[in-house]
Amino acid sequence: MKQQLRSIDKSASANNPFERQFARLKHDVLGRKVKGVEGKPMAQRKKAEENRKKTLKVEMAKKNRVGGLVDRRFGENNPNLSMEDKLMERFMREQKGKSSRNSSLFNLEEEDLTHMGQSISGMDDYSLESGLQRVEDEEGNIDRDTVKYSHFGGFDDDPDPDRKKTKSEIMAEVIAKSKFHKHERQKLNEEVQQLGEEVDENLDDLKSLLLGTGGAKKEEAKPERPWRKPLTSQEEDYDNFIREMRGDARAAPTNRLKTEEEKAFEEKEKLEKMEAERLARMNGPVKSGKKRNAQADDLDDDFGFAQTMPVKKRGGRSKKGGDEGEEDDEDEEEEDDDPRGRNAMPLTYNKDGMLVNKEVFMMKRKPKKGETDEDDGGVDNEEEDDDEEEEYDEDDEDDEDDEEEDGEDGEDDENGNVEAEDDLEEDDAVELNGEEAVDVSADEDDEEEEIDEAAVAAQRAEAQATIPYTFAAPTDHAELLAYVDHLNPTDQAIVIHRIRVLYNAKLGGLNKSKLETLLRVLFDHLQYLTRKSPPDLDTVNALSKHLHELCVQFPQIAAEICIRRIKKLHATIQTAVDKSSALPWLDDIVLLKLVGTVFSVSDFEHVVGTRAQLLMAEFLVMCPATNGRQALSGIVLCQVLKEFVKTSKRYIPEVISFLHSLLDALHPSSSTNKNLSITSLSAPPMDLDLKTLLAKPATTTKKVEQHPSFKTDAFKAALLATVTNVIGQFVRIYSDASGFIEIFTPLLEKLEGYATLFQTANKKKSSKPSEALTNAFKVNIDIVKGLLASGKLKRKPLLLQKRKAMAIRTFVPKFQEHYSMDRRFDPNRERAKVKKDEAEYKKEFKGAMRELRKDGKFIARQRLEERKEKDAVYKKKMDRIMGDLANLEGAMRGYERMNKK
Amino acid sequence: MATDITAIAKEALASKKGLPGIAQLLDLMLLDQNRKHSTIHAAAAAASHVFSKLIERGDFRVVPTASEPEKKVLAWLKDHLEVYTDRLADLLSCDEPALQTFSVDCFLKITRAESTALALAEKNSAEWTFGNSTYLKFVRCLCSKKSSSASTTDLTRHVLGLLNSWDDLKLYFFRNLEKVCKTHAPQIDISIVFDILSQLQPFEELTGDNWVTAEGLGAKKAASIAASKKRKRPANDDEFDDDNDEDDEEDSSKIPPQSKGAHKRACSEAWLGYLKIPMTVEIYKKVLLVIHKTVIPQLTQPTLLIDFLTDSYNAGGAISLLALNGLFTLIHEHNLDYPDFYTKLYTLLDETLLSVKYRSRFFRLLELFLSSAYLPSYLVAAFAKRLSRLALRASPSAIIIVIPFVYNLLKRHPAVITTIHRFDVEDVTDENTDCFIMSENDPAKCRALESSLWELQTMTQHYLPSVSALARVFQDPLTKPAYEIEDFLDLSYDTLFELEAKKPMPEEIPMAPVTRDVRGELFFDGVISF
């Protein structure tokens with residue numbers, strides 16, 4: 001009855017309109033549910049009060065109390081957990097705590113193992129199995145009980161099958177199972193150990209079998225147990241052997257070998273990164289979008305020389321470049337280049353089981369042979385050789401990769417520019433993907449071998465053998481000359497290579513400075529070689545790679561040397577009275593060419609490259625082509641400049657101007673310069689051997705003697721052909737320049753003038769122009785014409801001032817579909833998030849304040865109640881006392897009155 | 001020897017009997033290889049002393065009452081004076097600078113004596129006189145061609161010092177020069193005349209103090225000034241030094257003419273006479289270089305130079321460029337109306353323009369000529385286009401001038417911006433080809449306005465970072481103030497190198513990756529074969 005009443009009361013209170021409160025909605029929309037419209041303040045208040053009573057009041061009661069009992073049992077205060085769950089959880093925790101507390105997790109001894117609820121310690125080890133075996137009868141049938149209890153689901157036969165197992169039971173079973181398996185494993189281990197012991201016993205036999213000696217000893221030792229006896233020497237050996245084995249470095253886990261795809265991808269990425277950096281440098285400083293307003297002092301600031309902003313940017317970029325440089329450096333440090341492409345491991349077999357590095361393997365022997373032939377007591381040498389060889393080996397692997405990449409990088413560059421070489425690019429790509437490090441080296445070795453065979457192999461071997469293996473690092477050019485002057489180009493390269501290996505910068509010490517000196521000395525040597533008469537260009541070619549690598553290793557020094565030379569050349573132009581004598585000789589040209597290959601001259605601004613280009617342009621302008629030598633060195637300079645701008649496609653007006661003037665000068669009807677004009681077109685062009693034609697004269701005589709061939713028509717025809725070829729090269733480079741048509745149309749006119757000249761000469765028969773010359777003209781005129789035609793198609797009027805149109809301000813109100821007050825429509829995500837967080841914080845803060853206030857009120861109320869209670873008690877007490885006293889007094893008065901009466 | 005010479009001179013002065021000694025002196029003055037310069041010097045000095053004294057004494061005066069022997073003596077003396085001046089002229093063209101300058105002094109001494117004598121003869125007339133006969137000879141000799149070995153620097157300096165300090169000498173120099181130019185044009189050494197003419201200071205104020213002949217008449221003050229002038233008296237001239245002091249001052253009332261107009265007229269006539277002589281190219285250039293600064297302000301009628309300048313302007317090449325300056329001065333300050341000036345200016349933009357020495361001078365002027373905002377846009381466009389076309393084959397120092405120049409043009413003439421930004425592509429009939437006609441010399445017909453400045457766009461790819469950075473201004477909004485062309489004019493390869501050298505060495509120098517010569521490519525093959 002009472003319950004019934006209570007339920008009624010509950011439902012009534014839930015629907016009691018007096019218990020509910022409604023907020024008035026201004027714009028009510030049907031079907032929309034708005035939070036917080038209906039509230040039950042009384043219920044809420046009551047709930048909050050209850051909560052406080054449970055928490056705050058308890059705390060208050062506990063305040064200033066010391067000691068007491070805290071029930072920390074798991075789940076004791078959680079009313080949501082059933083008793084069973086609580087117990088289960090407690091058990092789990094207990095187990096966990098035990099196992100973690102105790103390191104002997106796998107200690108079987110301390111734990112009591114059970115099987116089917118019984119401790120197995122009491123059982124015989126194999127009693128279970130034996131027990132099972134026992135129940136088999138003679139025919140091998142298993143009795144019913146066994147089947148029932150232990151076969152499929154045999155553990156299931158509880159007295160009460162319906163009862164679900166408790167979790168604790170399941171857990172216990174799991175544990176038991178795992179312990180059983182552990183035991184099994186242990187047993188297996190023991191067996192293995194036993195086997196090992198047996199092997200130990202028989203080791204002597206085996207050893208003797210293997211070594212083929214000590215048979216007698218073995219027999220001697222046989223009858224006795226080996227470990228009962230004091231250790232024999234052999235056993236000691238064995239122990240030592242074992243100890244050593246233990247001491248040997250174990251195979252450490254290495255990084256996972258990369259798959260082909262990954263390798264290829266990484267290489268591709270690296271190449272792309274390098275190329276991107278180069279492009280960034282090439283394009284130069286990019287103006288940022290932010291522009292300050294023009295100011296009065298803009299004039300000078302914006303002028304290229306004193307640009308401050310770009311310089312800053314350059315700094316940033318150079319940092320990037322720096323990274324790359326470092327990389328290079330590292331590469332270089334590792335790199336200890338090996339032009340002969342030997343692989344690291346001498347004994348490496350390929351998939352087919354063939355020895356991959358036959359040469360390397362043989363190589364180790366070769367020098368030794370030579371030495372034994374040569375001198376008998378070369379022991380020291382030999383050791384050194386070995387060391388050196390090891391160095392090779394260590395470094396070579398990296399080398400190969402690096403060089404591989406570098407090589408392909410360079411090729412890529414080329415291919416990027418010359419469209420015609422697309423197929424080559426494809427080849428490269430194939431190579432890139434399909435190559436395996438080992439295969440590459442194998443290929444290379446094959447190549448190497450072929451070359452070796454082609455060149456007289458025996459002779460070389462002999463020569464190599466005669467070259468010493470160690471050198472003191474040369475401190476000046478004279479020392480180097482003492483080493484290499486008598487050698488042929490390849491051997492000179494070998495000497496340099498050996499010096500570089502010997503003083504590898506990685507080996508530390510003073511090697512770095514020694515190599516730096518080597519670089520300086522090599523530059524001197526280069527100068528020496530190119531100034532020699534006749535100049536030794538083969539050696540220059542052989543050494544160029546070393547020079548390049550050393551330059552990359554020490555860019556600062558290389559730059560310093562080159563800048564000094566460039567400065568000197570510039571000074572000779574400026575001071576020369578007769579400008580024609582200031583023209584560059586072969587040595588200068590070789591140096592400038594080296595600058596073009598060694599430094600990243602495609603950069604927008606390069607400390608060496610820019611100066612070199614400026615110098616060459618100055619040469620072309622200041623030294624007009626009035627005689628054969630000037631014309632020749634000028635045209636060679638044009639070719640060197642072509643290498644400089646091949647990738648960056650920078651425009652050099654001086655080259656075009658020079659080509660114009662040379663074409664004019666060579667023309668038979670040239671009025672200005674009779675020195676160069678061709679008299680007869682019939683002479684076939686001669687090969688221009690720069691070695692003889694441009695070699696710097698040994699004596700610095702004032703009068704530059706002219707090579708006799710400069711006057712010949714063959715020379716002039718060769719010049720003419722070269723000029724047309726150079727035009728053909730530059731026309732390709734500049735085909736994308738916006739002023740392309742303007743640049744090359746006048747040149748084309750001049751070329752066509754020559755072409756008509758050829759035609760008229762052709763008709764005469766007597767002075768038929770040579771085949772080579774007409775061909776060169778035909779080909780190059782076609783190229784120029786074709787590119788000009790396509791350039792005309794591409795030509796568009798300039799639109800340099802085109803800017804993104806400014807948006808007109810709009811006054812149309814922004815309409816947001818699905819607009820909601822609660823959502824934020826800020827397009828700036830970060831700002832929206834900040835606003836959201838702020839709002840949330842504010843809300844939470846308010847809530848917390850409100851709660852605290854309510855807490856305070858609750859506490860005050862509580863205190864008041866307590867006080868009231870106390871007061872009531874006190875009052876009651878006092879009343880009682882006073883009542884008693886009054887009674888007493890009344891009684892006394894009554895008594896007195898009674899007495900009075 | 002020296003004592004002999006003085007003795008002879010004294011004797012000649014003392015009595016008529018000594019006069020034949022003069023012939024001896026003149027013989028001693030003959031330039032001979034084995035004769036010492038000091039002897040010649042002494043003889044010349046003595047002879048000049050004797051002659052000046054004789055002239056001052058009035059021995060040269062033609063007296064109608066003279067007897068026959070006196071007339072003979074006079075004739076003889078006149079002949080020998082002639083011989084003497086011839087000898088002095090020889091000295092003037094010899095290759096010893098000391099003798100050259102000394103002969104100048106001797107000439108002047110005779111001139112002064114003559115003037116004094118003339119003044120004394122015409123004592124009654126208030127007219128100031130100048131004995132010009134010897135001086136005319138001097139000027140003629142001075143301006144005539146010398147032997148190739150003779151250096152004229154000392155001589156010109158000495159003469160210039162004299163002319164600049166004595167107004168009458170200058171005046172008569174101008175007058176005589178004009179005469180000489182008319183009569184002896186082929187013999188004139190144009191370079192020395194130019195040196196003197198161009199360095200003569202213009203007349204500032206004519207006080208009457210600076211008259212060498214007036215000094216001869218005895219102005220004490222003038223004498224003291226003369227003493228202070230070192231150049232006036234060479235050191236070895238001591239023995240005659242006291243002569244000036246002995247001159248008693250008399251008749252200082254005769255003040256020479258001070259009309260500035262006369263001087264100026266003389267000057268301009270001398271210049272005009274000089275400019276009529278055919279000149280070598282170097283001198284021509286030199287004259288044109290200074291014409292607007294030194295010549296035009298000194299002329300009474302600068303417009304008389306029009307013919308000269310127009311001819312020069314039409315000559316073509318560097319001469320035209322140089323004539324521009326003088327022509328501009330005439331147009332600007334003297335109201336010269338020059339038809340087709342801009343057309344001719346446009347034709348000056350030829351292939352050599354950007355490489356000639358006077359490039360910066362030309363651009364300075366061109367900036368001035370094109371600074372007017374009222375020029376038609378076709379004209380400005382033509383200039384911009386032709387300059388940028390020329391820049392395609394120019395050195396960086398020239399390109400660095402052209403880019404800001406064209407930028408300034410675009411700033412000043414917004415209509416020309418179509419050459420870097422074509423708003424209306426449809427208007428252009430044939431947009432693919434450049435419709436600009438480079439060979440057309442008339443800016444109105446070259447169709448530059450329909451073209452674009454692709455050439456300057458190419459310069460953004462220039463190998464020099466400073467140039468390519470500068471060329472990018474055309475891509476930015478044209479909000480920058482116009483460039484000061486003067487800042488860009490004086491660049492050369494040398495200065496560009498210096499600017500490069502000033503750049504700091506970067507921390508890391510980008511290097512090219514080491515390439516493997518897979519295809520057997522050599523670093524340097526050294527043979528160009530066919």
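Line by line, the protein sequences are chains A and B. Read in order, the letters of the first sequence are residues 1 to 901 in UniProt numbering. Read in order, the letters of the second sequence are residues 1 to 530 in UniProt numbering. Built from N, CA and C at the ideal position, the CB exists for glycine as well. Keep in mind the model is a prediction, meaning the values are calculated, not measured.
Check                                                                                                                                                                          : Outcome
Hey, quick one: how far does the alpha helix (DSSP H) through A/R809 stretch, first residue to last?                                                                           : Where A/R809 is concerned, there is no enclosing alpha helix (DSSP H), given that its DSSP letter is neither H nor E.
Could you list the residues in the region 283–311 of chain B with a C-beta less than 8 Å from some C-beta on chain A, going in chain order?                                    : none
Taking all protein chains shown into account, do 16 or more other C-beta atoms lie within 10 angstroms of the C-beta of A/S818, making it buried, or fewer, making it exposed? : Correcting the residue identity first, residue 818 of chain A is His in this sequence and not Ser. Its Cβ having fewer than 16 others within 10 Å, A/H818 is exposed.
Establish whether the CB of B/H413 and some CB of chain A are separated by less than 7 Å.                                                                                      : no
Check whether chain A comes within 7 Å of B/V104, counting only Cβ atoms and requiring the distance to be less than that.                                                      : no
What are the complete alpha helix (DSSP H) segments, minimum 4 residues, inside the region 251–309 of chain B?                                                                 : 260–276, 281–290
Do A/A542 and A/A493 count as a contact pair if the criterion is CB distance below 7 Å?                                                                                        : yes
Quick one: is B/Q457 buried, meaning 16 or more other Cβ sit within 10 Å of its Cβ, or exposed?                                                                                : buried
For the region 601–618 of chain A against the region 496–509 of chain B, are there 3 or more C-beta pairs whose distance is under 8 Å?                                         : yes
Near B/N164, which residues of its chain fall below 6 Å by C-beta distance, leaving aside the five closest residues on each side in sequence?                                  : Q201
Between the alpha carbons of B/I5 and B/I22, how many angstroms are there, rounded?                                                                                            : 10 Å
Have a look at B/D434 and A/N675 and give me their C-alpha separation to the nearest angstrom.                                                                                 : 37 Å
If we ignore side chains and look at the alpha-carbon of each, how far apart do A/A848 and A/V58 end up?                                                                       : 20 Å
When you compare the CB of B/P97 with every CB in chain A, is at least one pair closer than 7 Å?                                                                               : no
Taking only beta-carbon atoms, is A/V607 less than 7 Å away from chain B?                                                                                                      : yes
Would you mind sorting A/V784 into buried or exposed? The rule is 16 or more other CB atoms within 10 Å of its CB.                                                             : buried
To the nearest angstrom, how far is the alpha carbon of B/F308 from that of B/D168?                                                                                            : 29 Å
Would you call the region 259–274 of chain A in contact with the region 479–496 of chain B, where contact means no fewer than 3 C-beta pairs closer than 8 Å?                  : no
With DSSP run on the structure shown, which of helix, strand or coil describes B/I8?                                                                                           : helix
Give the secondary structure of A/E817 by DSSP, where H, G and I count as helix, E and B as strand, and everything else as coil.                                               : coil
Assign A/Y874 to buried or exposed, taking buried as 16 or more other Cβ atoms, counted over all protein chains shown, within 10 Å of its Cβ.                                  : exposed
Return the first residue and the last residue of the alpha helix (DSSP H) that B/W454 is part of.                                                                              : 454–458
Whose Cβ in chain B lies nearer than 8 Å to the Cβ of A/D603?                                                                                                                  : P510
Of all the CB atoms in chain D, is at least one closer than 7 Å to the CB of B/V83?                                                                                            : Within the model displayed, chain D is absent; protein chains A and B are what it includes.
7 Å is my cut-off, CB to CB: does B/D494 come that close to chain A?                                                                                                           : yes
Tell me whether A/S682 sits in a helix, a strand or coil according to DSSP, three-state version.                                                                               : coil
Do B/S52 and B/I110 have their CB atoms nearer than 7 Å?                                                                                                                       : yes
Apart from the five residues just before and just after B/L272, which ones in its own chain have a Cβ nearer than 7 Å to its Cβ?                                               : L304
Measuring only the C-alpha atoms, how far is B/I277 from B/Q301?                                                                                                               : 19 Å
Which residues, in chain order, does the region 517–546 of chain A contribute to contact with chain B at a C-beta distance below 8 Å?                                          : P535, L537, V540, N541, S544, K545
Are the Cβ atoms of B/A482 and B/A381 separated by less than 7 Å?                                                                                                              : no
DSSP on A/G728, reduced to helix/strand/coil?                                                                                                                                  : helix
Can you pull the chain B neighbours of A/S735, defined as C-beta to C-beta under 7 Å?                                                                                          : Here the premise fails: no neighbours, minimum Cβ distance about 12 Å.
For A/Y651, which three-state DSSP category applies?                                                                                                                           : strand
What in chain A is Cβ-close to B/F524, meaning under 7 Å?                                                                                                                      : L537, V540, N541, V590, K593
Residues of chain A with CB closer than 8 Å to the CB of B/V399, please, in chain order.                                                                                       : Note that residue 399 of chain B corresponds to Ile in the displayed sequence, not to Val. Simply P653.
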